[in-house]
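J.: Next up is a structure, given as structure tokens.
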Amino acid sequence: MTTPTELDLLAFSFFREFARCEYCLKAVGLLEGFPSKPQADWGTFAAQVIAVFDVPPNAETEGAIQYYLTHPPKKQVLLDGVLSWSTTLPNHQSQAELVLRLVCRVRNNLFHGGKFNGHWFEPQRSEELLHRGLVILQAVVSGHSKVREAYANRAD
Numbered sequence: 169m170t171t172p173t174e175l176d177l178l179a180f181s182f183f184r185e186f187a188r189c190e191y192c193l194k195a196v197g198l199l200e201g202f203p204s205k206p207q208a209d210w211g212t213f214a215a216q217v218i219a220v221f222d223v224p225p226n227a228e229t230e231g232a233i234q235y236y237l238t239h240p241p242k243k244q245v246l247l248d249g250v251l252s253w254s255t256t257l258p259n260h261q262s263q264a265e266l267v268l269r270l271v272c273r274v275r276n277n278l279f280h281g282g283k284f285n286g287h288w289f290e291p292q293r294s295e296e297l298l299h300r301g302l303v304i305l306q307a308v309v310s311g312h313s314k315v316r317e318a319y320a321n322r323a324d
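If you're matching positions, the sequence shown starts at 169 in this note's numbering and goes up one per residue.
This is the structure in structure tokens:
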């Protein structure tokens, strides 16, 4: 077994934070989908934390938002039977929803193997997206009273 790199540890931190945030959304009733497959409702959540994006709480959050808007993660797609990357942005109603859906895209790329096959693809870009995604997740959790409360009262 190899020793984890700093990027490996950052990816773990991002994945853990994303999972915790998604759990909190579900715990406070921000749900969509079918009863047999409930999903976090990121669109409604984005509408409820839009102030975080309109007036970011600090320079780090503002920088993270701007990075995602100017360097959005790509989506892995299948084109003519070959894995490829699409630059098409996800559907969104607001800048807040766009950024949160892009953070979800980073999670999907990470979880489904789009960025890692034992070695990191574009490690510097991956590090930027993961670090800045963490900043955004922490800001939106802090910006929603019910989600913040669910986050603070986790069962250990």
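Ideal placement from N, C-alpha and C gives every residue a C-beta, glycine not left out.
#1: Pick from W288, A219, I304, V245: whose alpha carbon is nearest that of R269?
#2: In its own chain, which residues sit with a C-beta less than 8 Å from the C-beta of G201, not counting the 5 before and 5 after it?
#3: Measure the Cβ-Cβ separation of L297 and P225 and say whether it is below 8 Å.
#4: In whole angstroms, what separates the C-alpha of S294 from that of W288?
#5: Can the beta-carbon of H260 be found less than 8 Å from the beta-carbon of L266?
#6: Please name the residue, chosen from K194, T212, G211, A215, that lies closest to K205 on a Cα-to-Cα basis.
#7: Is the Cβ-Cβ distance between L199 and F213 less than 8 Å?
#8: What distance in whole Å lies between the Cβ atoms of V220 and V308, which are believed to be in contact at a cut-off of 8 Å?
#9: What did DSSP end up calling G201 once you bin it into helix, strand or coil?
#10: Under 8 Å, do V217 and G301 count as touching if we go by C-beta distance?
#11: Measuring CA to CA, which of F279, N321, Q306 is closest to V180?
#12: State buried or exposed for N321, treating a residue as buried only when at least 16 other CB atoms are found within 10 Å of its CB.
#13: If you check the beta carbons only, do S262 and A232 fall under 8 Å apart?
#14: If we count the other Cβ atoms within 10 Å of its Cβ and call it buried at 16 or more, is W210 buried or exposed?
#15: Mind reading off the beta-carbon distance from R275 to F183? Whole number of angstroms is fine, and I expect it under 8 Å.
T.: Working from what's here:
#1: Stepping through the sequence shown from its first residue, residue 269 is reached at position 101. The residue with the shortest Cα to Cα distance from R269 is I304.
#2: Reading the sequence shown from its first residue, position 33 is the one you call residue 201. So the list reads Q207, once near-sequence residues are dropped.
#3: Within the sequence shown, the letter at position 129 stands for residue 297. Within the sequence shown, the letter at position 57 stands for residue 225. No.
#4: For the purposes of this step, residue 294 is identified with residue 126 of the sequence shown, where counting begins at 1. For the purposes of this step, residue 288 is identified with residue 120 of the sequence shown, where counting begins at 1. The straight-line gap from Cα to Cα measures roughly 8 Å.
#5: Numbered from 1 along the sequence shown, position 92 holds the residue referred to as residue 260. Numbered from 1 along the sequence shown, position 98 holds the residue referred to as residue 266. For H260 and L266, yes; Cβs fall inside 8 Å.
#6: As a first step, residue 205 must be located in the sequence shown, where it is residue number 37. Selected option, being the one with the closest Cα: K194.
#7: What you label residue 199 is simply residue 31 of the sequence shown in a count that begins at 1. What you label residue 213 is simply residue 45 of the sequence shown in a count that begins at 1. In this structure, F213 does not lie closer than 8 Å to L199 by Cβ.
#8: Here the question's residue 308 lines up with position 140 in the sequence shown. Here the question's residue 220 lines up with position 52 in the sequence shown. With 8 Å as the limit, V308 and V220 qualify as a contact, their Cβ atoms being about 6 Å apart.
#9: Locating residue 201 in the sequence shown gives position 33, counting from the first residue. Here G201 sits in strand by DSSP.
#10: Within the sequence shown, residue 217 is the residue found at index 49, counting from 1. Within the sequence shown, residue 301 is the residue found at index 133, counting from 1. Their beta carbons are not under 8 Å apart, which means V217 does not touch G301 by this criterion.
#11: Start at 1 with the first residue of the sequence shown, and residue 180 comes out as number 12. The sequence as given places Phe at residue 180; Val does not occur at that position. Of the listed residues, the one whose Cα sits closest to F180 is F279.
#12: Here residue 321 refers to the residue found at position 153 of the sequence shown. N321 should be labelled exposed.
#13: Your numbering for residue 262 matches position 94 in the sequence shown. Your numbering for residue 232 matches position 64 in the sequence shown. Against a cut-off of 8 Å, the Cβ pair of A232 and S262 comes out as no contact.
#14: Stepping through the sequence shown from its first residue, residue 210 is reached at position 42. By the 10 Å Cβ count, W210 comes out buried.
#15: Reading the sequence shown from its first residue, position 107 is the one you call residue 275. Reading the sequence shown from its first residue, position 15 is the one you call residue 183. Between F183 and R275 the Cβ distance is about 7 Å, and since that is below 8 Å, they are a contact.
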